[in-house]
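Residue numbers for the sequence shown follow the numbering used here, beginning at 11 and rising by one.
Single-structure report; data block below.
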Amino acid sequence: MGFRFEYFADLGLYGGRMKVRTSIRMASALMLLLSIGLVSNAQRRREGRWEFLGEAHADGRVDHDTIHVGKGGAFRTIQFEIKGGAIEFRRVVVHFEDGPNHDIQVRDRVVAGGRSRSIDIPGRRKIRSIEFWYGSAGWGSRRPTLYLWGTR
Numbered sequence: 011m012g013f014r015f016e017y018f019a020d021l022g023l024y025g026g027r028m029k030v031r032t033s034i035r036m037a038s039a040l041m042l043l044l045s046i047g048l049v050s051n052a053q054r055r056r057e058g059r060w061e062f063l064g065e066a067h068a069d070g071r072v073d074h075d076t077i078h079v080g081k082g083g084a085f086r087t088i089q090f091e092i093k094g095g096a097i098e099f100r101r102v103v104v105h106f107e108d109g110p111n112h113d114i115q116v117r118d119r120v121v122a123g124g125r126s127r128s129i130d131i132p133g134r135r136k137i138r139s140i141e142f143w144y145g146s147a148g149w150g151s152r153r154p155t156l157y158l159w160g161t162r
């Protein structure tokens, strides 16, 4: 004796085979929509997340450094994080793999443990490298490290 849907129809739980098929189709459609929603939500979380792009160590002798970005893909914003001492930014130039450079006038002082403002990159472009010019902010014997972050 096998399992039969007619048994449930006789009990009045589903109201027949048509309702069982409709219920299965509705459940399948709901599962499909939920899985699509989860995938798109995961993609959105990835797009807004800060990714580490590189670092530079201010040595006190030179007021100019370059960070070569090794990650592929386009970025929408960048941000600098400073540890070990404050840095006074004067200028930032973003070099792209495709097209002209983007010159950013930055006159910010970022303290040790702080971050710069988020800097918008025009048109989600692939970054080859970022040059920055800075001044000492009373380092003493400690030399700051600059960490570059970006969002896609």
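Positions of the beta carbon are idealized from the N, C-alpha and C atoms, including for glycine.
Source: prediction; values computed, not measured.
Residue i - containing beta strand (DSSP E), residue span
i: Val230; result: No answer is possible for residue 230: it lies beyond the span of the chain, which begins at 11 and ends at 162.
i: Lys93; result: Ala84 to Lys93
i: Asp75; result: His74 to His78
i: Ala68; result: Per DSSP, Ala68 belongs to no beta strand (DSSP E) and is neither H nor E.
Expected contact under 8 Å - CB spacing of residue i and residue j to nearest Å
i: Lys93; j: Thr155; result: 5 Å
i: Arg100; j: Tyr144; result: 6 Å
i: Pro132; j: His112; result: 6 Å
i: Glu98; j: Gly160; result: With a Cβ gap of about 22 Å, Glu98 and Gly160 do not count as contacting.
i: His78; j: Ser139; result: 5 Å
i: Arg7; j: His67; result: Residue 7 cannot be examined here, being either before or after the span of the chain that is shown, 11 to 162.
i: Arg119; j: Ala96; result: 6 Å
Assigned secondary structure, residue i (DSSP; H/G/I helix, E/B strand, else coil)
i: Arg117; result: coil
i: Ser38; result: helix
i: Arg153; result: coil
i: Lys29; result: helix
i: Arg55; result: Residue placement at Arg55 is poorly supported in this model, since its pLDDT is 47, which falls under 50; the coordinates are not used for a value here.
Report yes or no: do the region 85 to 92 and the region 121 to 132 share at least 3 C-beta pairs separated by less than 8 Å?
-> yes
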